[in-house]
Amino acid sequence: MKYYGVRRGRITGVFDNWKACREQVFLFPNAEFKSFPTWEEAQHF
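All residue numbers for the sequence shown refer to my numbering, where the first residue is 2 and numbers rise by one.
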């Protein structure tokens, strides 16, 4: 399973699916996000 860390977006945090992550970063200026294999890694992003 992938986890998505959003550092800069509408809402920041960790998301467990791409759809939820995309809603926070799509068309958001200079969005920062990345996928990770574990929740812990995404939290530390």
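Where a beta carbon is used, it is the ideal one built from N, C-alpha and C, also for glycine.
What is the C-beta distance between valine 15 and tryptophan 40, in whole angstroms, given that I count them as a contact (C-beta under 8 Å)?
Indeed, because the Cβ distance is near 6 Å, the residues count as touching under 8 Å.
Arginine 8, DSSP secondary structure in three states:
The three-state reading of DSSP puts arginine 8 in strand, counting E and B together.
Buried or exposed: which applies to phenylalanine 34, given that a residue is buried once 16 or more other Cβ atoms fall within 10 Å of its Cβ?
buried
Apart from the five residues on each side of it in sequence, which residues of its chain come closer than 6 Å, Cβ to Cβ, to lysine 3?
Ser36
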